[in-house]
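Visitor: Handing you this structure, nothing more for now.
2 protein chains.
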Amino acid sequence: MSRKLDEEAVQTVAGTADFDLDAFLPYRLNRAAEAVSLRFAAHYKARYAMTRPEWRTMAALGSYGRMTATAIGANATMHKTKVSRAVKSLEDRRWLKRSLDESDRRVENLELTAAGLRIYREMVDLAHAYERELAEFLGDAGLRQLEAGLDAVEVMMANPQRAARRRGGAG
Amino acid sequence: MSRKLDEEAVQTVAGTADFDLDAFLPYRLNRAAEAVSLRFAAHYKARYAMTRPEWRTMAALGSYGRMTATAIGANATMHKTKVSRAVKSLEDRRWLKRSLDESDRRVENLELTAAGLRIYREMVDLAHAYERELAEFLGDAGLRQLEAGLDAVEVMMANPQRAARRRGGAG
DNA sequence: GGAAATTGGTTACAGTCGTAACTGTCTATT
DNA sequence: AATAGACAGTTACGACTGTAACCAATTTCC
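Here the protein sequences come in this chain order: A and B.
Take the first sequence: its position 8, counted from the start at 1, is 8 in the UniProt record's numbering, and no numbers get skipped.
Take the second sequence: its position 81, counted from the start at 1, is 81 in the UniProt record's numbering, and no numbers get skipped.
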């Protein structure tokens, strides 16, 4: 999976310090994520013109019900500004409505409208369909291993300083 | 791993169509890729102010030797414009030099300068060190599974229409 | 009770990205 | 040889992003 390429397009050099970008984990992860996301985006972007932050906001509101912008950001790890813009855009489309919180007037409670909920349900269906598609393409083993690998990464993320060992042993 | 959150920040809703964003594969992949990349970027951005496209361009040139912008794009799956900008910026920093191709004057052959090569070697060291760090954090099993999962995704990417089955069986 | 610090949310700005349009060169067809 | 199409690379533009600065409401703490 390395040093391939268009043959004549590249003249490989002999003595250089060896590093295989294709095999570099961060790079592979990025490519995979991009590919998987893009393929899915193609599905839903075709139907509604929705950006990923918007999609995530819908997902959060749809599955949790009423919540605040800050909570959405925390849940989907999106920056304040991203959430703010997504919310505004979804509001313009009447898929979401805000209401000021009685007890704390800084806070806006966000909620899907009836129309928004309808869209959300379609989104969920699309997502489930895509999950099935992925499962089929990746195969049983591939899917399972990928998920196990992601579990490991998530453990690492949750505990940045010393997440090692705890999953030792055989593969 | 779902429906957590700040407790009181969210009032879960009962009857809604159930969809767990946290468990959605494209989303998980993105988060993982982002986290892993960011952690690495912290390492090398601290040392040199280099963007990811620039880093990738350096990596390609460093490991393949002289090549064209188009070839870099193909290798690292970067858009023409991204490559173009990265090349210009690296050229400004004198880490890379261009030379017009004799036989086809549309083409520019790109090559690292001595300074560029020196930087590249440092980058490679950093990358290897990070790989070791990751391996330690992820643990043997986690790393192996993640790589296997990525293999599966790459197979899928290479053959978008019918990549399924071929890896069937147990996990 | 009131200044200071915190928090929810928006906005101005600068940087990055991809689409599309462009320049210049090469290849194919006639 | 001339025109049309393809290809390498750059650039103008609009869309999206995060940093930082901002406003308003609220909590903290003297």
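Quick reminder that beta carbons are idealized off the backbone N, C-alpha and C, glycines included.
All of these numbers come straight from a predicted model, not from anything done at the bench.
#1: Could you tell me whether any Cβ in chain B is nearer than 8 Å to the Cβ of A/Met156?
#2: Does the distance from the CB of B/Thr57 to the CB of B/Ala86 come in under 8 Å?
#3: Along chain A, in chain order, which residues have C-beta atoms closer than 7 Å to that of B/Val36?
#4: Starting from the C-beta of B/Arg94, find all residues in its chain whose C-beta is less than 8 Å away, skip the five residues before and the five after it, and write them out in chain order.
#5: Looking at C-beta atoms only, is the number of pairs between the stretch 60-74 of chain A and the stretch 125-140 of chain A that lie closer than 8 Å three or more?
#6: Flag this pair as yes or no: are the beta carbons of A/Ala152 and A/Leu143 separated by less than 8 Å?
#7: Is DSSP giving A/Glu108 helix, strand or coil here?
#8: If we ignore side chains and look at the alpha-carbon of each, how far apart do A/Thr51 and B/Ser103 end up?
#9: In whole angstroms, what is the alpha-carbon distance linking A/Pro53 and A/Asn30?
#10: Would you kindly work out how many angstroms separate the C-alpha atoms of B/Glu108 and B/Arg98, rounded to a whole number?
#11: Just how far apart, CA to CA, sit A/Ala60 and A/Ser89?
#12: Ends of the alpha helix (DSSP H) at A/Ser103?
#13: What residues in its chain sit with their C-beta under 8 Å from that of B/Lys82, if we drop five residues either side in the sequence?
#14: Taking the alpha helix (DSSP H) that B/Met48 falls in, what are its first and last residues?
#15: What are the uninterrupted segments assigned as alpha helix (DSSP H) that are 4 or more residues long and contained completely in the stretch 18-80 of chain A, given in chain order?
#16: Would B/Ser103 pass as an interface residue toward chain A - the criterion being a Cβ-Cβ separation below 8 Å?
#17: Give the residues from the stretch 48-74 of chain B that approach chain A closer than 9 Å (Cβ to any Cβ), ordered along the chain.
#18: What is the rounded straight-line gap between the Cα of B/Glu131 and the Cα of A/Leu25?
#19: Just the C-alpha distance for B/Leu150 and B/Leu38, rounded to the nearest angstrom, thanks.
#20: Assuming B/Gly62 and A/Phe19 form a contact by the criterion Cβ under 8 Å, report the distance between their Cβ atoms to the nearest whole angstrom.
#21: For A/Tyr44, which residues in the same chain have their Cβ closer than 7 Å to its Cβ, ignoring the five residues on either side in sequence?
#22: Since B/Val87 meets chain A, which of its residues come closer than 9 Å, beta carbon to beta carbon?
#23: Taking Cβ to Cβ, would you say A/Met156 is nearer than 8 Å to B/Leu96?
#24: To the nearest angstrom, how far is it from the Cα of B/Ala46 to the Cα of A/Ala141?
#25: Taking 8 Å as the threshold (beta carbon to beta carbon), is B/Val10 in contact with chain A?
#26: To the nearest angstrom, how far is it from the Cα of B/Val13 to the Cα of A/Arg28?
#27: Distance, Cα to Cα, A/Leu146 vs A/Ala32?
#28: Give a yes or no on whether 8 Å exceeds the smallest Cβ distance from B/Glu131 to chain A.
#29: For the alpha helix (DSSP H) containing A/Arg121, name the first residue and the last one.
#30: Apart from the five residues just before and just after B/Ser84, which ones in its own chain have a Cβ nearer than 7 Å to its Cβ?
Guide: On the basis of the supplied data:
#1: By 1-based counting over the first sequence, the position of residue 156 of chain A is 156. A/Met156 counts as touching chain B.
#2: Locating residue 57 of chain B in the second sequence gives position 57, where the first residue counts as 1. Locating residue 86 of chain B in the second sequence gives position 86, where the first residue counts as 1. Yes.
#3: Working through the second sequence from its first residue, we reach residue 36 of chain B at position 36. Result: Leu25, Pro26, Leu29 and Val153.
#4: Numbered from its first residue, the second sequence carries residue 94 of chain B at position 94. Result list for B/Arg94: Thr113, Ala115 and Gly116, in chain order.
#5: no
#6: Along the first sequence, one-based indexing puts residue 152 of chain A at 152. Along the first sequence, one-based indexing puts residue 143 of chain A at 143. The answer is no: Cβ separation not under 8 Å.
#7: Start at 1 with the first residue of the first sequence, and residue 108 of chain A comes out as number 108. Three-state DSSP puts A/Glu108 in a strand.
#8: Start at 1 with the first residue of the first sequence, and residue 51 of chain A comes out as number 51. Start at 1 with the first residue of the second sequence, and residue 103 of chain B comes out as number 103. Approximately 45 Å between the Cα atoms of the pair.
#9: Against the first sequence, residue 53 of chain A aligns to sequence position 53. Against the first sequence, residue 30 of chain A aligns to sequence position 30. If you take the alpha carbons of A/Pro53 and A/Asn30, they lie about 18 Å apart.
#10: Counting from one through the second sequence, the residue named residue 108 of chain B turns up at place 108. Counting from one through the second sequence, the residue named residue 98 of chain B turns up at place 98. Cα to Cα, the separation comes out at about 6 Å.
#11: Within the first sequence, the letter at position 60 stands for residue 60 of chain A. Within the first sequence, the letter at position 89 stands for residue 89 of chain A. Roughly 15 Å separates the two Cα atoms.
#12: Residue numbering aside, residue 103 of chain A sits at position 103 when the first sequence is read from its first letter. Careful: A/Ser103 lies outside any alpha helix (DSSP H) and carries neither H nor E.
#13: What you label residue 82 of chain B is simply residue 82 of the second sequence in a count that begins at 1. Closer than 8 Å at Cβ, skipping near neighbours: Pro53 and Gly73.
#14: Within the second sequence, the letter at position 48 stands for residue 48 of chain B. Note that residue 48 of chain B is Tyr in the sequence shown, not Met. Unbroken run through B/Tyr48: none, as it is neither H nor E.
#15: 25-47, 52-64 and 69-76
#16: For the purposes of this step, residue 103 of chain B is identified with residue 103 of the second sequence, where counting begins at 1. No, no contact with chain A.
#17: Arg52, Arg56, Ala59, Ala60, Gly62, Ser63, Tyr64, Gly65, Arg66, Met67, Thr68, Thr70, Ala71 and Ala74
#18: On the second sequence, position 131 is the one that residue 131 of chain B refers to. On the first sequence, position 25 is the one that residue 25 of chain A refers to. Their Cα atoms are separated by approximately 7 Å.
#19: Position 150 of the second sequence, counting from 1, holds the residue named residue 150 of chain B. Position 38 of the second sequence, counting from 1, holds the residue named residue 38 of chain B. Cα-Cα distance, rounded: 19 Å.
#20: Looking up residue 62 of chain B in the second sequence gives position 62. Looking up residue 19 of chain A in the first sequence gives position 19. Right, the Cβ-Cβ distance comes to about 7 Å (below 8 Å), so this counts as a contact.
#21: Here residue 44 of chain A corresponds to residue number 44 of the first sequence, with the count starting at 1. Contacts found: Met50, Trp55, Met123 and Leu126.
#22: Locating residue 87 of chain B in the second sequence gives position 87, where the first residue counts as 1. Residues of chain A passing the Cβ test: none, with the nearest at roughly 16 Å.
#23: Locating residue 156 of chain A in the first sequence gives position 156, counting from the first residue. Locating residue 96 of chain B in the second sequence gives position 96, counting from the first residue. For A/Met156 and B/Leu96, no; Cβs fall outside 8 Å.
#24: The sequence position of residue 46 of chain B within the second sequence is 46, counting from 1. The sequence position of residue 141 of chain A within the first sequence is 141, counting from 1. Going by the C-alpha atoms only, they are around 39 Å apart.
#25: Here residue 10 of chain B is taken as the residue at index 10 of the second sequence, counted from 1. For B/Val10, the predicted structure reports a pLDDT of 36, less than 50, and the residue's modelled location is therefore unreliable. A value from the coordinates is still provided. With 8 Å as the cut-off, B/Val10 counts as an interface residue toward chain A.
#26: Taking the first residue of the second sequence as position 1, residue 13 of chain B is located at position 13. Taking the first residue of the first sequence as position 1, residue 28 of chain A is located at position 28. Annotation note: pLDDT 39 at B/Val13 (below 50); position unreliable, coordinate value reported separately. If you take the alpha carbons of B/Val13 and A/Arg28, they lie about 38 Å apart.
#27: On the first sequence, position 146 is the one that residue 146 of chain A refers to. On the first sequence, position 32 is the one that residue 32 of chain A refers to. Cα-Cα distance, rounded: 11 Å.
#28: Start at 1 with the first residue of the second sequence, and residue 131 of chain B comes out as number 131. At least one chain A Cβ lies under 8 Å of B/Glu131.
#29: Counting from one through the first sequence, the residue named residue 121 of chain A turns up at place 121. Unbroken alpha helix (DSSP H) run through A/Arg121: Ala114 to Ala158.
#30: Within the second sequence, the letter at position 84 stands for residue 84 of chain B. Same-chain partners within the cutoff: Ala69.
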